[in-house]
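Written below as structure tokens is the structure these notes are about.
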Amino acid sequence: MIEVHLDAWIREFGPKGDELVEAASVAQMLDELERRYPRLRYRLRDETGQLRRYVRVFVDGEDVSRGGRTDASLSGARTVDILHSIAGG
Amino acid sequence: MADKKVRVLLGTRKGAYIAESDTKRKTWKVGKVSNSGREVYHVTADPRHPGYLYAAVNDWMFGPMVHISKDWGKTWKEAATPLMPPSKERNPEFGTDSGEVQRPKHALTNLWHLEPGHASEPDTLFLGADPHMLFRSDDLGASWTPVPSINEHSTKKDWAPGAGGPCMHTILVDPTNAQRMYVGLSAAGTFRSDDGGKSWKAVNKGVETPFLPNKYPEVGQCVHHVVLDPAEPRTSYRQDHGGMYVSHDGMESWTRIGKFFDDDFGFAVAAARALPGRAFFIPLEGRSRVTTQGGLQVFEWNDPKKKWRALMSAKAIPGHFGVHREGMNTDTLDPAGIYVGTTTGQLILSPDAGKTWRQVPYQFPSIHSVHVASPAL
Numbered sequence: 007m008i009e010v011h012l013d014a015w016i017r018e019f020g021p022k023g024d025e026l027v028e029a030a031s032v033a034q035m036l037d038e039l040e041r042r043y044p045r046l047r048y049r050l051r052d053e054t055g056q057l058r059r060y061v062r063v064f065v066d067g068e069d070v071s072r073g074g075r076t077d078a079s080l081s082g083a084r085t086v087d088i089l090h091s092i093a094g095g
Numbered sequence: 003m004a005d006k007k008v009r010v011l012l013g014t015r016k017g018a019y020i021a022e023s024d025t026k027r028k029t030w031k032v033g034k035v036s037n038s039g040r041e042v043y044h045v046t047a048d049p050r051h052p053g054y055l056y057a058a059v060n061d062w063m064f065g066p067m068v069h070i071s072k073d074w075g076k077t078w079k080e081a082a083t084p085l086m087p088p089s090k091e092r093n094p095e096f097g098t099d100s101g102e103v104q105r106p107k108h109a110l111t112n113l114w115h116l117e118p119g120h121a122s123e124p125d126t127l128f129l130g131a132d133p134h135m136l137f138r139s140d141d142l143g144a145s146w147t148p149v150p151s152i153n154e155h156s157t158k159k160d161w162a163p164g165a166g167g168p169c170m171h172t173i174l175v176d177p178t179n180a181q182r183m184y185v186g187l188s189a190a191g192t193f194r195s196d197d198g199g200k201s202w203k204a205v206n207k208g209v210e211t212p213f214l215p216n217k218y219p220e221v222g223q224c225v226h227h228v229v230l231d232p233a234e235p236r237t238s239y240r241q242d243h244g245g246m247y248v249s250h251d252g253m254e255s256w257t258r259i260g261k262f263f264d265d266d267f268g269f270a271v272a273a274a275r276a277l278p279g280r281a282f283f284i285p286l287e288g289r290s291r292v293t294t295q296g297g298l299q300v301f302e303w304n305d306p307k308k309k310w311r312a313l314m315s316a317k318a319i320p321g322h323f324g325v326h327r328e329g330m331n332t333d334t335l336d337p338a339g340i341y342v343g344t345t346t347g348q349l350i351l352s353p354d355a356g357k358t359w360r361q362v363p364y365q366f367p368s369i370h371s372v373h374v375a376s377p378a379l
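Residue numbers (our numbering), protein chains in the order written: chain A, 7 to 95; chain B, 3 to 379.
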């Protein structure tokens, strides 16, 4: 099981805190989170399946979300952090 | 839930606000922000369902959303998410995501305008979005269906994005004819449907495109905003990138009326129920897109007399700021109230059809849209 740490902003859409997820890829992990919390659908990924521009996914501390990709493997991963990037103004 | 309040709904760069007054429109109370921190491009009220408000919300992190309130903005709830339809051509970047679900190649970016349908269709809403998309809902936002008759119009190859992107920003439903509606897209122009949205005709004849080699093409005009004359909806008033125009034949043809000005560029235009045959325009400098003559100016076009009249001196509210395409609106009272929201966050209004002007004592974020929910009297 992978421990998924969710940015506090994401809790608006249902999750109360961290989640434990079994998944082989970032895409599968997001599928499972969206199954548990349907309001998350289209909030982290858009309708093309790409991560939204300011959503960052780190697997064991490494950013795997560059270019919006969600195909990174979670094989052997212990933690995932889903964060918002520094932006705005 | 009908009451005697005048509510000015503001979409701003950092959320939505409601300023409330009574029919005298002298003192104003500003409520707490909703969707704080999010870009709200448009907020509107539904006259078919008093108390129902709709907001086009664009969150920089979480993307576009439609929010609906059923209690005059006390509480809001997210409606269904409008989505780009799947395309035949898949985005190769995402070939390895979960499953073999057919997906669109591009996502919707921003939601621009929400419009209640005709009174005879009380559960119908229309939504305009970027890129050049019209959606229809027949269940008050519980689901959204793209309207391919305009989204895939035969002239689409000649559409281009405006500076705000390829946006569907103006949606007008003829109150006297449920089958007739109009849309405005940048930079594609205006289109009319006479069959409830089944088919669309480009209606831009006479509107100049100073930014194209062909100055009068069928489509490609950068329309900024259009309103119908409330008393005679075959008459419409248009603020285009290429100037100020009027049409008397359901937008079939347009006549330029803005040559009165050195520069008839602008974004906002409005008309009022109590003032048939009149329209209000705010000229801006075409290059900088801010106020001319050192301050805000609102002009009234008297269509029967074909005359312009300044409703305020540029010295009254001095400054160097803009007014967005949905930045001016009117109420349905008599005398008409005229409301202007600025890019620097002032809400300026006249409660007497332009005789006097005042400013709501509240500094808002940059204002994208102004819509007045008038009391049913």
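For every residue, glycine included, the Cβ atom is placed at its ideal position computed from N, Cα and C.
Problem set entry | Chain-ordered neighbours of HIS370(B) on chain A, where CB pairs are closer than 7 Å | Those within 7 Å of HIS370(B) in chain A number zero; the least Cβ separation is about 16 Å.
Exercise. If we call anything under 8 Å between Cβ atoms a contact, is TYR247(B) one with ARG258(B)?
Worked result: yes
For this session: Using only the heavy atoms of the ligand SAH, determine whether one of them is closer than 7 Å to the beta carbon of PRO148(B).
Result: You won't find the ligand SAH in this model; it holds no ligand whatsoever.
For this session: Identify, in the order they occur along the chain, each residue of the same chain with its Cβ nearer than 8 Å to the Cβ of THR76(A), setting aside the five sequence neighbours on each side.
Result: SER31, VAL32, ALA33, LEU36, ARG51, GLY55, GLN56, LEU57, VAL63
Exercise. When we look at the beta-carbon of GLY321(B) and count the other beta-carbons within 10 Å, is it buried (16 or more) or exposed?
Worked result: exposed
For this session: Could you tell me which uninterrupted beta strand (DSSP E) segments, each at least 3 residues in length, are contained entirely in the stretch 255-334 of chain B, listed from first to last along the chain?
Result: 268-272, 280-285, 301-304, 309-312, 330-332
For this session: Assign GLN34(A) to one of three DSSP states: helix, strand, or coil.
Result: helix
Problem set entry | Contact with chain A by TRP359(B), beta-carbon distance below 8 Å | no
Exercise. If you draw a straight line from the C-alpha of GLY53(B) to the C-alpha of GLY329(B), how long is it?
Worked result: 22 Å
Exercise. Which partner residues does GLY39(B) have in the DSSP bridge list?
Worked result: Per DSSP, none; premise fails for GLY39(B).
For this session: Kindly give me the distance between the Cβ atoms of THR188(B) and GLY166(B), rounded to whole angstroms, as I take these residues to be in contact under 8 Å.
Result: First, the residue type needs correcting, since residue 188(B) is Ser and not Thr in the sequence shown. 6 Å between Cβ atoms; contact.
For this session: Output yes if chain A places a C-beta closer than 8 Å to the C-beta of ILE70(B); else output no.
Result: no
For this session: Can you say whether ASN216(B) is buried or exposed, counting buried as having 16 or more other CB atoms within 10 angstroms of its CB?
Result: exposed
Exercise. Which same chain residues, not among the five before or five after LEU277(B), have their C-beta less than 7 Å away from its C-beta?
Worked result: ALA338, ALA355
For this session: Would you please verify whether the beta carbon of HIS108(B) is less than 8 Å from any beta carbon of chain A?
Result: yes
For this session: Please report the residue range of the alpha helix (DSSP H) in which ILE152(B) lies.
Result: 150-153
Exercise. Under the three-state reduction of DSSP, which class applies to PRO124(B): helix, strand or coil?
Worked result: coil
Problem set entry | Residues from the stretch 55-77 of chain A in contact with chain B, defined by Cβ distance under 9 Å | GLY55, GLN56, ARG58, ARG59, TYR60, VAL61, GLY73, GLY74, ARG75, THR76, ASP77
For this session: Name, please, each residue of chain B whose Cβ falls closer than 7 Å to the Cβ of ASP52(A).
Result: GLY65, ALA109
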